[in-house]
Amino acid sequence: KAGVTQTPRYLIKTRGQQVTLSCSPISGHRSVSWYQQTPGQGLQFLFEYFSETQRNKGNFPGRFSGRQFSNSRSEMNVSTLELGDSALYLCASSWMLGEASYNEQFFGPGTRLTVL
Amino acid sequence: KQEVTQIPAALSVPEGENLVLNCSFTDSAIYNLQWFRQDPGKGLTSLLLIQSSQREQTSGRLNASLDKSSGRSTLYIAASQPGDSATYLCAVRPGAQKLVFGQGTRLTINP
């Protein structure tokens, strides 16, 4: 079974631009979460989608947004990029059983975003 | 607010040694705890998942324990190998789909 895939793997943007990152979960997984990893802050939760609905959101500004499609693939968008948005963006998927999840989260390889 | 701490931040040991990585969390109300490994510039690889009702999980040379009441987990690595060198991350699930991560322990196994 293929793992979580993320595209692109690397991105270089300039301040003020916007960017869209894509995540394809493991087949059958309907929950997709996004995390930002930086050397200073570590791994921080951005948001989580299940059945095309955002169910949970971390403490990030509104410039960070996302969506999920009917095939469970997810995208996240960052508008008006700032230097501080440079980070590794990780996507994770898990299989859901009802509303609660006691299941493992499986992570993709990440997208390395550099903002100049 | 749930906080996760991992000690030590870095650890260097000779090959073949058994070692223990520590993780502590401030709120015992968790669904589960997951240990990951991360190689430089890569994503996270799930190692072990312990549900809140469990005390430990084992996979190969790895054994993870969970003491919810004291807010602690340990990851035991037996007979360490150079290929075990990586950053090890502990994460707890306080609810919903959010994981709260520690800062990690950077492990180096010296041949």
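Sequences listed follow chains A and B, in order. Once you know that position 81 of the first sequence is 92 in the numbering used here, the rest is easy, because the numbers rise by one and skip nothing. Once you know that position 23 of the second sequence is 124 in the numbering used here, the rest is easy, because the numbers rise by one and skip nothing. Backbone N, C-alpha and C define an ideal beta-carbon position, used for all residues, glycine too.
Practice task
Measure the C-alpha to C-alpha separation of Y21 of chain A and L124 of chain A and round it to an integer number of angstroms.
Solution key: 6 Å
Handout entry: Nearest residue (CA-CA) to G95 of chain A, options A:R78, A:Q79, A:F71
Key = A:F71
Practice task
Taking only the alpha-carbon atoms, compute the straight-line gap between C124 of chain B and V89 of chain A and give it to the nearest angstrom.
Solution key: 32 Å
Exercise for the section: Just mark G172 of chain B as buried or exposed, buried being the case when its beta carbon has 16 or more other beta carbons within 10 Å. Expected result: buried
Practice task
Measure from the alpha carbon of W106 of chain A to the alpha carbon of each residue in A:G39, A:G27, A:G73, A:S83, then state which is nearest.
Solution key: A:G39
Problem - Neighbouring residues, chain B, relative to T121 of chain A (Cβ below 9 Å) - result: Checking the sequence shown, residue 121 of chain A turns out to be Gly, not Thr. Ordered by position in chain B, the residues that pass the 9 Å Cβ test against G121 of chain A are G142, K143, G144, L145.
Problem - chain A contact for F202 of chain B (CB, 7 Å cutoff) - result: yes
Problem - Coarse secondary structure for P183 of chain B, derived from DSSP in three states - result: helix
Problem - Where D96 of chain A falls: helix, strand or coil (DSSP) - result: helix
Practice task
List the endpoints of the continuous beta strand (DSSP E) containing K143 of chain B.
Solution key: Premise fails: K143 of chain B is in no beta strand (DSSP E) and is neither H nor E.
Handout entry: Rounded C-alpha distance that separates R171 of chain A from R84 of chain A
Key = Examination of residue 171 of chain A is not possible in this model, given that chain A is present from 12 through 127 alone.
Problem - Under 7 Å from the C-beta of L150 of chain B: neighbouring residues of chain A - result: E115
Exercise for the section: For L101 of chain A, decide whether its Cβ has a neighbour in chain B, counting only Cβ atoms nearer than 7 Å. Expected result: yes
Problem - Euclidean distance between Cα positions of S113 of chain B and Q116 of chain A - result: 28 Å
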